[in-house]
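Residue 74 in the numbering used here sits at position 57 of the sequence shown, and the numbers go up by one each step.
The beta-carbon is built from N, C-alpha and C at its ideal position, and this holds for glycine as well.
Keep in mind it's a predicted model, so treat the numbers as computed, not measured.
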Amino acid sequence: AGAMGVGKTFVIKWMAENGVLPLEDFALIDPDRIAQRLPEYSGYAARASASASLMTRLEAGLITELGLVWALQQRRNILVDSSLRHGSWYAALLKRLRAEVPDVRVGLLYVHTSEETIHRRAQDRGRDGRVAILSEVQDSLQKMPRAVGRLLPHVDFFAQVANDRDQPRVTSTCHHASEGGGEAMAATKPSDASGDDDASDGDTCGIADPFHGSPQDSDMGWSCVREFLSHALGGEPAEPLPRPPRILPTSSTREPLPLLQLLRTVVFSASKHRGQTRKDPSRTPYVNHPLAVARILAEVGIRDVATLQVALLHDTLEDTD
18 AGAMGVGKTF
28 VIKWMAENGV
38 LPLEDFALID
48 PDRIAQRLPE
58 YSGYAARASA
68 SASLMTRLEA
78 GLITELGLVW
88 ALQQRRNILV
98 DSSLRHGSWY
108 AALLKRLRAE
118 VPDVRVGLLY
128 VHTSEETIHR
138 RAQDRGRDGR
148 VAILSEVQDS
158 LQKMPRAVGR
168 LLPHVDFFAQ
178 VANDRDQPRV
188 TSTCHHASEG
198 GGEAMAATKP
208 SDASGDDDAS
218 DGDTCGIADP
228 FHGSPQDSDM
238 GWSCVREFLS
248 HALGGEPAEP
258 LPRPPRILPT
268 SSTREPLPLL
278 QLLRTVVFSA
288 SKHRGQTRKD
298 PSRTPYVNHP
308 LAVARILAEV
318 GIRDVATLQV
328 ALLHDTLEDT
338 D
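Structure follows, in structure tokens:
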């Protein structure tokens, strides 16, 4: 978790390179990367790069949800690279997840830095095509503390990571007092491990001010993170769940399997139209047309999977090889 521009992806890469995160053992779910791989993204980016992410947010969000459900059903280790700024939604999801998959373990890393640094990094994102809208950045900054607070009761492990120097550093960690989650959490600060005994298991877990106080022993903090992630390694592969866990709200993905079928149709249509572009000056991908037809049908209430599949495939045979 963390505001836009804080450097969450950089921290993940650093953790993998420094032996903290066994990235190859996790299914990575990154809404930004998913959005950039949508067939219509390049067309939006060519016309108005700043709005491309906004225009593909709903589609990327749906694919993110479907990917999460599939990975959970397959009993995979899952890493979500996202701001998680909509705390109420994610808190409800985690609550349902614990009910559906009681033995799940959830860790939350909150990456933070100064507001000035966040704004600078958000502007720098444009170099790789991920243009950040300043109002969106400010919105994520304002929502993050409350969002993280709402998530804390539903996680087994929590760590704050300051990304304000050359290398990220852990500034505090929290553990649930009981296995499998619960309401009681114990908080520790890495720098207090060999010093003040008052900052021990009796502390309340919460968001600490990362820019005041004594320097943190980040090596100890990272060892706590590494120890928690070690639970994801070894042992026999878990048996897949018999059905997709029902963790998504009724207003979102009530029937994962039909939606997965629809997603496969989108992928098939995009593959058939690969390389084809419209004749407009910006030469937008041709697959935008069937996608737009399906979207219009859904917006007017025609949402059965078979009709939407026809909309996505209606000109595939006549216009492609």
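Nearest residue (CA-CA) to residue i, options the options
{"i": "S288", "options": "E117, I313, I95, L330", "result": "L330"}
{"i": "E41", "options": "Q53, L55, N94, A62", "result": "N94"}
{"i": "L45", "options": "G252, H103, R312, E82", "result": "E82"}
{"i": "R2", "options": "Q155, V242, L114", "result": "There is no way to answer for residue 2, as the model of the chain reaches only from 18 to 338."}
{"i": "F174", "options": "S68, H129, C222", "result": "C222"}
{"i": "A108", "options": "A52, S68, T134, L169", "result": "L169"}
{"i": "V322", "options": "L277, L79, G251, I80", "result": "L277"}
{"i": "K30", "options": "D98, R113, S105, D236", "result": "D98"}
{"i": "R113", "options": "A20, P261, V310, G251", "result": "P261"}
{"i": "W106", "options": "G318, L265, H290", "result": "L265"}
{"i": "A67", "options": "G318, D141, G292", "result": "D141"}
{"i": "H129", "options": "W87, L250, Q159, R312", "result": "Q159"}
{"i": "V23", "options": "E132, H290, L151", "result": "E132"}
Residues of its chain near residue i, where Cβ-Cβ distance is below 6 angstroms and the 5 sequence neighbours each way are ignored
{"i": "N305", "result": "E57, G60"}
{"i": "G197", "result": "Low confidence applies here, because G197 scores a pLDDT of 44, under 50, leaving its location unreliable and the question unanswered by this model."}
{"i": "C241", "result": "T190"}
{"i": "V310", "result": "A328"}
{"i": "W239", "result": "V37, V187"}
{"i": "G124", "result": "F174, F245"}
Length of the line joining the Cα atoms of residue i and residue j
{"i": "L85", "j": "V37", "result": "23 angstroms"}
{"i": "H136", "j": "A65", "result": "20 angstroms"}
{"i": "L246", "j": "S157", "result": "27 angstroms"}
{"i": "R182", "j": "K25", "result": "14 angstroms"}
{"i": "L325", "j": "P307", "result": "10 angstroms"}
{"i": "Y303", "j": "T294", "result": "5 angstroms"}
{"i": "C191", "j": "L126", "result": "10 angstroms"}
{"i": "L314", "j": "S100", "result": "31 angstroms"}
{"i": "V172", "j": "P185", "result": "22 angstroms"}
{"i": "F285", "j": "L279", "result": "10 angstroms"}
{"i": "T282", "j": "H103", "result": "30 angstroms"}
{"i": "A328", "j": "R320", "result": "11 angstroms"}
{"i": "F27", "j": "K296", "result": "39 angstroms"}
{"i": "M237", "j": "L111", "result": "28 angstroms"}
{"i": "G252", "j": "R122", "result": "15 angstroms"}
{"i": "A33", "j": "P39", "result": "6 angstroms"}
{"i": "G292", "j": "R243", "result": "44 angstroms"}
{"i": "V317", "j": "P275", "result": "19 angstroms"}
{"i": "L96", "j": "A18", "result": "11 angstroms"}
{"i": "L71", "j": "F43", "result": "27 angstroms"}
Cβ shell of residue i (< 7 angstroms), same chain only, five flanking positions each side left out
{"i": "L17", "result": "Since the first residue shown for the chain is 18 and the last is 338, residue 17 is missing from the structure and cannot be characterised."}
{"i": "D47", "result": "D98"}
{"i": "I80", "result": "I51, L280"}
{"i": "M21", "result": "S100, A139, A149, E153, V154, S157"}
{"i": "V118", "result": "L89, P262"}
{"i": "T134", "result": "D181"}
Endpoints, the beta strand (DSSP E) within which residue i is located
{"i": "A176", "result": "174-179"}
{"i": "Y127", "result": "124-129"}
{"i": "H192", "result": "186-193"}
{"i": "V97", "result": "95-97"}
Test: residue i CB closer than 8 angstroms to a CB of chain B
{"i": "P275", "result": "Of the protein chains in the structure, only one exists, and it is not chain B."}
Span of the alpha helix (DSSP H), counted from its first residue to its last, around residue i
{"i": "A255", "result": "Per DSSP, A255 belongs to no alpha helix (DSSP H) and is neither H nor E."}
{"i": "V322", "result": "322-330"}
{"i": "I135", "result": "132-141"}
{"i": "A52", "result": "48-53"}
{"i": "Y107", "result": "104-117"}
{"i": "K30", "result": "25-34"}
{"i": "T81", "result": "74-90"}
{"i": "V165", "result": "151-168"}
{"i": "Y61", "result": "58-64"}
{"i": "A249", "result": "Neither: A249 is in no alpha helix (DSSP H) and is coded neither H nor E."}
{"i": "A309", "result": "305-316"}
Cβ-based neighbour list, residue i, same chain, cut-off 8 angstroms, excluding 5 preceding and 5 following
{"i": "R92", "result": "P254, A255, E256, P257, L258"}
{"i": "I7", "result": "Past the boundaries of the shown model lies residue 7; the chain is included only from 18 to 338, so the question cannot be answered."}
{"i": "D332", "result": "H306, P307"}
{"i": "H248", "result": "R122"}
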